[in-house]
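Residue 315 in this note's numbering is what sits at position 26 of the sequence shown, and the numbering runs on without skipping anything. Following: one structure in structure tokens, then a few remarks.
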Amino acid sequence: MSKKETETTDIIKCPHCNHLMEYVDYIVFGDMSGEFEMECEKCKKRFNVEFYSIYYFASNKLEIGE
Ligand SMILES: [Zn+2]
């Protein structure tokens, strides 16, 4: 059994039938986080999806100067 009640993944998984779906059509770009309701394309049951944005940083020295 999983320790966490909610599993987080980088793709949407239907909680009813575990069908995997792309998420691009459901997120408004610029939203940092939020939630939406969608219908599984396989089993046609509705479920709720929460999403979060994560930033990654890479710092480099500038190439300008002597
Ligand atoms: Zn489903």
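Beta carbons are placed, not taken as given, at the ideal position from N, Cα and C, and that holds for glycine.
As the crow flies, the alpha-carbon of C329 is around 55 Å from that of G354. Bounds of the beta strand (DSSP E) holding G323 are 322 to 328. Relative to ligand 1, N307 has its C-beta within less than 8 Å of a heavy atom. For E311, there is no enclosing beta strand (DSSP E), since its DSSP letter is neither H nor E.
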